[in-house]
Amino acid sequence: MQIHEIHDLSNRYVTDLMYYGLSEITDKNYIRNYHPDYANESSNLFAILDNGRYTQGTGKYFVIEQDGKYVCSAGWNKYELDPNIAFALTRMYASPKYRGQYLIGSNILPKTLEETATYSNVWMTVNKHNKVMYSWFLRLSQNKRTALFNDWPEIYKRFKPIGEKVIYNTKQYVVELER
């Protein structure tokens, strides 16, 4: 596996990996945010990359490939409304074939936490379609059996739930890194 680091759409090789890999998305909960056919919508990954959210020094987007095929991706970026906050694992997506292998948590999240070490707060967010992930963090913080996702890398246990917040005009469930 190879990990690519980008800040925009200028790396044609990585952009093509994403284009062909994300073109396979048909799930209505994800299609508008990731599929290249929706690149003109502000919430789409391609538009976000094009509009500078992952500018060098304030963000980065990681793409993992295997044998010339898209596997998964996620980024980090400074929160424009609060310079003390960095978001981790933004616009995270894994091809169905690779889900449950924890490639993002094992490969991208450690790099992200290293690069965001100067921020007072590092948040991960999920929307209502992925609330089950937030529930895992909530149960863990309450010392309850998590059952679901028991094989998650230990690095995730460093995040604690802090509730709902409106971020980029969308209600999100937020977990915060405990350093």
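Our numbering puts the first residue of the sequence shown at 43, with every later residue one more than the last.
Where a beta carbon is used, it is the ideal one built from N, C-alpha and C, also for glycine.
Note that the coordinates shown come from a computational prediction; the quantities given were computed from them, not determined experimentally.
query	result
Cβ-Cβ distance between Ile-197 and Trp-165 below 7 Å	no
Cβ neighbour criterion (16 or more within 10 Å) applied to Lys-113	Just to set this straight, residue 113 is Val in the shown sequence, not Lys. Label assigned to Val-113: buried.
Contact check, Gln-214 vs Asn-169, beta carbons under 7 Å	yes
7 Å Cβ cutoff met for Tyr-135 and Tyr-80	no
Helix, strand or coil at Gly-101 according to DSSP, with G and I counted as helix	strand
For Pro-125, the three-state DSSP class (helix, strand or coil)	strand
The beta strand (DSSP E) enclosing Gly-205, as first and last residue numbers	201 to 209
Of the residues Trp-178, Gly-110, Gln-184, the one placed nearest Asp-193, counting alpha carbons only	Trp-178
Rounded separation between Leu-180 and Lys-111 - CA only	35 Å
Sub-7 Å separation of Arg-141 and Asn-119 beta-carbons	no
Secondary structure of Gly-117, DSSP reduced to three states	strand
Beta-carbon proximity of Leu-219 to Arg-200, cut-off 7 Å	yes
Separation of Tyr-55 from Lys-153, as counted between CA atoms	21 Å
Where Asn-71 falls: helix, strand or coil (DSSP)	coil
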